[in-house]
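A short worksheet on the structure shown next.
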Amino acid sequence: MENNQEVLLRVDHLCQYFKMGPNAVTKAVDDVSFDIKKGEVFGLVGESGCGKTTTGRSIIKLYDITSGSVYFKGVRIAAGTQSYKDAIKKAQDELKEKSKTASPEEAAKLKAETDAFIAEQRKQIKLAQYDQKNCDKAYAAQQVKKVEEKYAPLLSAATGDEKEKLTKEYRDELRKAKNTRLVTQIQMIFQDPIASLDPRMTVREIISEGLVIQGERDKKVIDEKVYEMLELVGLVREHASRYPHEFSGGQRQRIGVARSIIMNPELIIADEPVSALDVSVQAQVINLLNELREKFGLTLLFIAHDLSVVKYFSDRIGVMYYGKMVELADSDELFLNPMHPYTRSLLSAIPLPDPIYEKQRKRIVYNPLAEHDYSQDPPTFRELKPGHFVQCNEAEYRKYMEQLK
Ligand SMILES: Nc1ncnc2c1ncn2[C@@H]1O[C@H](COP(=O)(O)OP(=O)(O)OP(=O)(O)O)[C@@H](O)[C@H]1O
Ligand SMILES: [Mg+2]
Numbered sequence: 000m001e002n003n004q005e006v007l008l009r010v011d012h013l014c015q016y017f018k019m020g021p022n023a024v025t026k027a028v029d030d031v032s033f034d035i036k037k038g039e040v041f042g043l044v045g046e047s048g049c050g051k052t053t054t055g056r057s058i059i060k061l062y063d064i065t066s067g068s069v070y071f072k073g074v075r076i077a078a079g080t081q082s083y084k085d086a087i088k089k090a091q092d093e094l095k096e097k098s099k100t101a102s103p104e105e106a107a108k109l110k111a112e113t114d115a116f117i118a119e120q121r122k123q124i125k126l127a128q129y130d131q132k133n134c135d136k137a138y139a140a141q142q143v144k145k146v147e148e149k150y151a152p153l154l155s156a157a158t159g160d161e162k163e164k165l166t167k168e169y170r171d172e173l174r175k176a177k178n179t180r181l182v183t184q185i186q187m188i189f190q191d192p193i194a195s196l197d198p199r200m201t202v203r204e205i206i207s208e209g210l211v212i213q214g215e216r217d218k219k220v221i222d223e224k225v226y227e228m229l230e231l232v233g234l235v236r237e238h239a240s241r242y243p244h245e246f247s248g249g250q251r252q253r254i255g256v257a258r259s260i261i262m263n264p265e266l267i268i269a270d271e272p273v274s275a276l277d278v279s280v281q282a283q284v285i286n287l288l289n290e291l292r293e294k295f296g297l298t299l300l301f302i303a304h305d306l307s308v309v310k311y312f313s314d315r316i317g318v319m320y321y322g323k324m325v326e327l328a329d330s331d332e333l334f335l336n337p338m339h340p341y342t343r344s345l346l347s348a349i350p351l352p353d354p355i356y357e358k359q360r361k362r363i364v365y366n367p368l369a370e371h372d373y374s375q376d377p378p379t380f381r382e383l384k385p386g387h388f389v390q391c392n393e394a395e396y397r398k399y400m401e402q403l404k
């Protein structure tokens with residue numbers, strides 16, 4: 000990890016709920032917060048269905064998130080409103096309840112306070128809606144301004160053929176700038192290398208799709224870029240005219256990597272990029288990601304369902320369970336001092352190449368009902384020591400602190 004501590008991505012109280020009928024919701028991601036620093040590899044682990052993919056998809060704005068915010072390079076790129084709406088409803092209910100027993104003066108005072116509170120929440124809702132919709136527009140406008148500033152002096156100094164050439168270049172750049180999206184600097188490598196590549200598109204079309212959407216029209220430029228990407232990920236240029244079904248799983252994942260890298264992203268979300276692959280091929284794809292990361296200074300959110308894959312690769316690791324982040328720490332710290340029982344159970348599942356250890360290794364099964372009593376005191380996400388967070392209540396917090404001593 001670079002020494003640079005600049006935060007590239009900040010996920011702040013993210014909630015993504017899915018309505019499953021009139022009265023049922025799935026809280027796929029429920030109040031999850033973490034940040035990723037520039038140049039870092041952040042591992043996100045947890046069992047199937049705990050909300051890892053949904054977290055990734057929320058970050059790249061495939062959903063209108065329910066609540067919370069996502070900041071990229073300090074700009075809020077996604078914002079939900081449900082928490083504000085809930086706060087308004089709660090304030091209104093409380094006012095109704097309290098007014099029943101209050102004197103007229105008290106009631107008037109309470110109402111004024113509640114009105115002010117609600118006005119503030121409404122303001123936050125408007126701000127969230129604005130950011131959700133406009134962050135890309137604002138970014139594109141910034142890029143357009145940059146292009147204009149670059150070409151204005153050049154154009155006024157040029158004459159004749161030179162001027163004509165520059166004008167064409169200027170228009171091309173301007174069109175691309177208008178189409179830039181902040182979110183294209185975050186690219187996702189999808190979980191399923193088969194389903195995520197359109198079978199009717201050639202590899203060339205798949206890899207260059209993002210460039211084309213961004214306004215690139217020069218076929219030569221596109222071809223060159225595609226070849227460069229293919230070679231970068233260990234394929235050859237002849238592969239460009241083939242279709243996805245002609246490739247093996249590992250090769251398809253390389254195509255997915257090429258498709259994400261071509262956009263020159265700063266952050267890549269790799270969603271279980273190797274779980275569908277053979278163990279030997281897994282290592283190849285991980286090595287490829289590592290090389291690319293060093294070469295381009297990429298930042299990586301690496302999603303996996305078990306800890307063994309992320310162990311050597313991640314600077315920090317977040318552990319999710321049923322939509323919640325239950326533990327977050329530096330990789331070394333997490334392996335040395337796992338605190339949450341779910342993290343311990345994940346660790347107990349990792350085999351080691353040591354026959355004596357393996358004979359004694361017992362898998363710890365995590366049973367939340369037996370493990371925690373949250374009936375009186377519900378858990379929150381607390382910092383046990385700098386950078387090491389655990390979801391726990393007061394009693395557990397004291398117990399963990401004791402264990403850490
Ligand atoms: N579009 C959707 N509509 C409704 N429910 C969804 C949707 N997407 C995900 N879910 C539900 O949200 C929960 C989290 O799903 P998610 O795909 O994020 O899990 P995951 O951690 O990526 O699992 P896996 O390791 O199997 O990929 C699951 O219960 C899933 O059924
Ligand atoms: Mg998933």
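Heads up: the sequence shown at position 164 corresponds to 163 in numbering that gives the first Met the number 0, and the numbers run straight through without jumps.
Backbone N, C-alpha and C define an ideal beta-carbon position, used for all residues, glycine too.
These numbers were taken from a predicted model, which means no experiment stands behind them.
What's the call for residue i, buried or exposed, on a 16-neighbour Cβ count within 10 Å?
| i | result |
| --- | --- |
| Leu333 | buried |
| Val364 | exposed |
| Leu403 | exposed |
| Leu335 | exposed |
| Gln15 | buried |
| Met19 | exposed |
| Lys294 | exposed |
| Gln131 | buried |
| Leu351 | exposed |
| Lys51 | buried |
| Ala77 | buried |
| Ala127 | buried |
| Tyr138 | buried |
| Leu368 | exposed |
| Asp433 | The structure shown has nothing for residue 433, since the chain only spans 0 to 404. |
| Ser244 | The amino acid at residue 244 is misidentified as Ser; the sequence shows His. That one is exposed. |
For residue i, which three-state DSSP category applies?
| i | result |
| --- | --- |
| Ser387 | Per the sequence presented here, residue 387 reads as His, with Ser not at that position. Here His387 sits in strand by DSSP. |
| Gly48 | coil |
| Met262 | coil |
| Arg251 | helix |
| His238 | helix |
| Leu327 | strand |
| Ala106 | helix |
| Ile64 | coil |
| Tyr129 | helix |
| Thr53 | helix |
| Thr342 | helix |
| Thr113 | helix |
| Val364 | coil |
| Phe334 | helix |
| Arg381 | strand |
| Asn392 | coil |
| Asp135 | helix |
| Val284 | helix |
| Phe246 | coil |
| Lys149 | helix |
| Gln402 | helix |
| Leu351 | coil |
| Val232 | coil |
Enumerate in chain order the residues of its own chain whose CB-to-CB distance from residue i is below 7 Å, with the five nearest sequence positions on each side excluded.
| i | result |
| --- | --- |
| Leu173 | Val143, Val146 |
| Gly233 | Arg253, Leu287 |
| Arg381 | Phe388, Val389, Cys391, Tyr396 |
| Ala86 | Gln120 |
| Lys110 | Leu94 |
Which same chain residues end up closer than 6 Å to residue i when comparing Cβ atoms and leaving out the 5 residues on each side of it in sequence?
| i | result |
| --- | --- |
| Val280 | Gly249 |
| His339 | Val325, Glu326, Val389 |
According to DSSP, what are the bridge partners of residue i?
| i | result |
| --- | --- |
| Ile268 | Met187, Leu300 |
| Tyr16 | Lys26 |
| Phe33 | Val10 |
| Gly317 | Leu43, Leu327 |
| Ala369 | Beta-bridge pairing links Ala369 to no other residue. |
| Val74 | Phe71 |
In chain order, what residues of the same chain have a beta carbon less than 8 Å from the beta carbon of residue i, not counting five sequence neighbours either side?
| i | result |
| --- | --- |
| Pro264 | Thr183, Gln184, Ile185, Gln186, Leu297 |
| Ile349 | Asp305, Leu306, Ser307, Lys310 |
| Pro378 | His371, Gln390, Cys391, Asn392, Glu395 |
| Lys358 | none |
Would you say residue i faces chain B, with C-beta separation under 9 Å as the test?
| i | result |
| --- | --- |
| Ala77 | No chain B is part of this structure, which consists of one protein chain only. |
TODO: Output the residues surrounding ligand 2, defined as those with a CB atom closer than 7 Å to any ligand heavy atom, in chain order.
DONE: Lys51, Thr52, Gln190, Asp270, Glu271, Ile302
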